[in-house]
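**Q**
2 protein chains.
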Amino acid sequence: MAQAPPADKRRLILDAAVRVFARQGFHSTRVSDIADEAGVAYGLVYHYFNSKDQVLNELFTERWSLLLAAIEEADRADGGPREKLGKVAGFIFDSYRHDPDLMKVIIVEVTRAANSFGQTHLEQIRRAYEGIARIVEEGQGSGALRGDVAPMFASMAFYGAVEQLLSGWIFGTIPASKTDFDQARDLLVTTICDGLEPR
Amino acid sequence: MAQAPPADKRRLILDAAVRVFARQGFHSTRVSDIADEAGVAYGLVYHYFNSKDQVLNELFTERWSLLLAAIEEADRADGGPREKLGKVAGFIFDSYRHDPDLMKVIIVEVTRAANSFGQTHLEQIRRAYEGIARIVEEGQGSGALRGDVAPMFASMAFYGAVEQLLSGWIFGTIPASKTDFDQARDLLVTTICDGLEPR
DNA sequence: CCACCGATTGACTGGTCAATCAACCGGAGG
DNA sequence: CCTCCGGTTGATTGACCAGTCAATCGGTGG
């Protein structure tokens, strides 16, 4: 919980917000719910953040920048597109495994809510698509992937599949067990890459 | 405006709602916006519907039942999984081509909003996944698809890719031209099916 | 011509919350 | 011991809106 010296209230509020957002959804979360969950006065939320929206923004930006970094790192690493895409999917699935609440909030309230909140972050989100597209493009350049699929198209299909699986776990449409995550990553990458390879 | 005989106000309201929901999103649409758009008094909306929610429900159910029917029909038709999945993706893409506003509303406000509204319709939505999974399963049975991918898993990946492409068009992440839709369908089916076929 | 009835109208109510703000507290520094 | 100041408190305000309901309209049949 709170560390010895500062008891960083800002962090306390952010972490509490994740829990409440995950439980009730952003829209039906009252600012007072966040304050209560954090064990903090209502007004303090407004001391650290300008609005309820900004709390969500902060959570999203924090994590999404990690994803963008992970995509770039995967791209820089050795190996073919199969390995690179495996790293990307692995990072996303691991994020969920490590902090399901946070990923649920990000996926459900931002990424998939592209009309309301997502609109604001479309640029950031698009950057992830483009990073994945770049991996595909390089794979095509090296002949590892066939060239008749637009990289952005392949990227969207790949990311869409990843997110849909995540959503399936989040909402219990498909069962999730510890081992499923790695298996899912391999299976997904295999399927998509086999489909993208030259015949 | 009003047609000669009945001027079906209920329909008028539903169609107006589609336009307004597509423009502003469900959440920031006031019931008065719908009434204004339909050229009808505020109270009349409540004469035909119990709540703002029910308006959206109605729109979703109307169209989703068509999708479910289309999936079943595709499954009953002759041909391998490739043809069947092509029909499913084709139906969805055509739905968007034919009535982008309605599809935008359904995807953005229901299907992808799995926390709020989607929760109510999870059962219906799941039925679509299962229909697609059945097609995959049969393809595995006949040896047309490899058997080491769980049908539900493949179904989610397939549907996720479809929905992501749709979202890309809806939000302008990827450009959409008339010819793109059919091309996208073929490309997507090719990619996914190649990935699902025995090697 | 009237009585009736469902469709239609829109002003109003009740309740909900995001955001504000004035007051409070406790420690650092003088 | 006092002052100052930033972190902290929570009651209050003001806006917003879904849903209600009593009144009106217009068509139909007797």
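Read top to bottom, the protein sequences are chains A and B.
Read in order, the letters of the first sequence are residues 2 to 200 in my numbering.
Read in order, the letters of the second sequence are residues 2 to 200 in my numbering.
Beta carbons: idealized from backbone N, C-alpha and C, even for Gly.
Kindly indicate if chain A contains any beta-carbon less than 8 Å away from that of B:LEU166.
**A** The count along the second sequence starts at 1 and reaches residue 166 of chain B at position 165. By this cut-off, B:LEU166 is an interface position.
**Q** Taking the straight line between their C-alpha atoms, what separation do you get for A:LEU188 and A:SER178?
**A** Within the first sequence, numbered from 1, the residue matching residue 188 of chain A stands at position 187. Within the first sequence, numbered from 1, the residue matching residue 178 of chain A stands at position 177. If I take the Cα positions, the gap works out to 15 Å.
**Q** Pick helix, strand or coil for A:PRO82, following the three-state DSSP scheme.
**A** Translated into the one-based positions of the first sequence, residue 82 of chain A becomes position 81. If DSSP states are grouped into helix, strand and coil, A:PRO82 belongs with the helices.
**Q** 8 Å is my cut-off, CB to CB: does A:ARG113 come that close to chain B?
**A** Here residue 113 of chain A refers to the residue found at position 112 when the first sequence is read from its first residue. Yes, its Cβ sits closer than 8 Å to a Cβ of chain B.
**Q** Please report the distance separating the alpha-carbon of B:ASP37 from that of B:MET153.
**A** On the second sequence, position 36 is the one that residue 37 of chain B refers to. On the second sequence, position 152 is the one that residue 153 of chain B refers to. So the alpha carbons of these two residues sit roughly 44 Å apart.
**Q** Terminal residues of the continuous alpha helix (DSSP H) containing B:HIS48?
**A** Stepping through the second sequence from its first residue, residue 48 of chain B is reached at position 47. It spans 43 to 49 - the alpha helix (DSSP H) in which B:HIS48 sits, taken as one unbroken run.
**Q** In angstroms, rounded to a whole number, what distance separates the CA positions of B:GLU63 and B:ARG11?
**A** As a working note, residue 63 of chain B is residue 62 in the second sequence. As a working note, residue 11 of chain B is residue 10 in the second sequence. Approximately 14 Å, taken between the alpha carbons.
**Q** When burial is assigned at 16 or more other CB atoms within 10 Å of the CB, is A:GLU74 buried or exposed?
**A** On the first sequence, residue 74 of chain A is found 73 positions in, with the first residue counted as 1. By the neighbour-count rule (16 or more Cβ atoms within 10 Å), A:GLU74 is not buried but exposed.
**Q** Take every Cβ of the stretch 97 to 109 of chain B, pair it with every Cβ of the stretch 37 to 48 of chain B, and state whether three or more of those distances are shorter than 8 Å.
**A** no
**Q** How many angstroms separate the CA atom of A:ILE175 from the CA atom of A:PHE182?
**A** Position 174 of the first sequence, counting from 1, holds the residue named residue 175 of chain A. Position 181 of the first sequence, counting from 1, holds the residue named residue 182 of chain A. Taking the straight line joining both Cα atoms gives about 12 Å.
**Q** Taking the straight line between their C-alpha atoms, what separation do you get for B:ALA17 and B:ILE136?
**A** Within the second sequence, numbered from 1, the residue matching residue 17 of chain B stands at position 16. Within the second sequence, numbered from 1, the residue matching residue 136 of chain B stands at position 135. Approximately 36 Å between the Cα atoms of the pair.
**Q** With a cut-off of 8 Å, does the C-beta of B:ARG12 fall near any C-beta of chain A?
**A** Residue 12 of chain B sits at position 11 when you count from the first residue of the second sequence. No, its Cβ sits nowhere closer than 8 Å to a Cβ of chain A.
**Q** What is the residue span of the alpha helix (DSSP H) that B:HIS28 lies within?
**A** To locate residue 28 of chain B, count along the second sequence from 1; it is residue 27. First-last for B:HIS28: undefined, no H or E at that position.
**Q** Express the C-alpha separation of A:ALA158 and A:VAL190 in angstroms, rounding to a whole number.
**A** Taking the first sequence and counting its residues from 1, one reaches residue 190 of chain A at position 189. Taking the first sequence and counting its residues from 1, one reaches residue 158 of chain A at position 157. Spanning the two alpha carbons is a distance of roughly 12 Å.
**Q** Hey, would you say A:ALA71 sits closer than 8 Å to A:VAL89, going by beta carbons?
**A** Within the first sequence, the letter at position 70 stands for residue 71 of chain A. Within the first sequence, the letter at position 88 stands for residue 89 of chain A. Their beta carbons are under 8 Å apart, which means A:ALA71 touches A:VAL89 by this criterion.
**Q** Alpha carbon to alpha carbon, what distance is there between A:ALA145 and A:ASP195?
**A** Here residue 195 of chain A is taken as the residue at index 194 of the first sequence, counted from 1. Here residue 145 of chain A is taken as the residue at index 144 of the first sequence, counted from 1. Approximately 10 Å between the Cα atoms of the pair.
**Q** Out of curiosity, what's the CA-to-CA distance linking B:GLN25 and B:TYR130?
**A** By 1-based counting over the second sequence, the position of residue 25 of chain B is 24. By 1-based counting over the second sequence, the position of residue 130 of chain B is 129. Going by the C-alpha atoms only, they are around 29 Å apart.
**Q** Please report the straight-line C-alpha distance between A:GLN141 and A:ASP149, rounded to a whole angstrom.
**A** As a position in the first sequence, residue 141 of chain A is number 140, starting the count at 1. As a position in the first sequence, residue 149 of chain A is number 148, starting the count at 1. Distance between the alpha carbons of A:GLN141 and A:ASP149 is about 9 Å.
**Q** Nearest CA to the CA of A:ALA155: which residue from A:GLY132, A:THR30 and A:SER143?
**A** Sequence index remark: in the first sequence, residue 155 of chain A carries index 154 (1-based). Nearest option by C-alpha distance: A:GLY132.
**Q** DSSP state of B:ALA3, grouped into three classes?
**A** To locate residue 3 of chain B, count along the second sequence from 1; it is residue 2. The pLDDT assigned to B:ALA3 is 32, lower than 50, so where the model puts this residue is not dependable; a value taken from the coordinates is nonetheless given after this. Note: B:ALA3 maps to coil in three-state DSSP.
**Q** Taking a Cβ distance cut-off of 8 Å, strictly less, list which residues of the stretch 62 to 95 of chain A are near chain B, in chain order.
**A** none
**Q** Using CA coordinates, which residue listed in B:VAL32, B:GLN184 and B:VAL41 is at the minimum distance from A:ALA151?
**A** Translated into the one-based positions of the first sequence, residue 151 of chain A becomes position 150. For A:ALA151, the nearest C-alpha among the options comes from B:GLN184.
**Q** Just the C-alpha distance for B:SER29 and A:LEU166, rounded to the nearest angstrom, thanks.
**A** On the second sequence, position 28 is the one that residue 29 of chain B refers to. On the first sequence, position 165 is the one that residue 166 of chain A refers to. The alpha-carbon atoms of B:SER29 and A:LEU166 are separated by roughly 29 Å.
**Q** Could you work out which residues of chain B lie near A:PHE172, taking near to mean beta carbons separated by less than 7 Å?
**A** Here the question's residue 172 of chain A lines up with position 171 in the first sequence. What A:PHE172 touches in chain B: ALA115 and LEU123.
**Q** Comparing alpha-carbon positions, which option in A:LEU69, A:PHE27, A:MET104 and A:GLY173 lies nearest A:ARG128?
**A** What you label residue 128 of chain A is simply residue 127 of the first sequence in a count that begins at 1. Looking only at A:LEU69, A:PHE27, A:MET104 and A:GLY173, the smallest Cα-Cα distance to A:ARG128 is reached by A:LEU69.
**Q** DSSP on B:LEU57, reduced to helix/strand/coil?
**A** As a working note, residue 57 of chain B is residue 56 in the second sequence. In the structure shown, B:LEU57 sits in a helix (DSSP, three-state: H, G or I).
**Q** Using C-beta distances below 8 Å, list every residue in its chain close to B:ASN51, excluding the 5 sequence neighbours before and after it, in chain order.
**A** Counted from its first residue, the second sequence places residue 51 of chain B at position 50. Same-chain partners within the cutoff: there are none.
**Q** Report the rounded CA-to-CA distance for B:THR192 versus B:ARG98, giving the unit in angstroms.
**A** Locating residue 192 of chain B in the second sequence gives position 191, where the first residue counts as 1. Locating residue 98 of chain B in the second sequence gives position 97, where the first residue counts as 1. Roughly 22 Å separates the two Cα atoms.
**Q** Helix, strand or coil for A:VAL190 per DSSP?
**A** Position 189 of the first sequence holds residue 190 of chain A. DSSP places A:VAL190 in helix when its eight states are reduced to three.
**Q** Shorter than 8 Å from the beta carbon of A:THR192 to some beta carbon of chain B?
**A** Along the first sequence, one-based indexing puts residue 192 of chain A at 191. Closer than 8 Å: yes.
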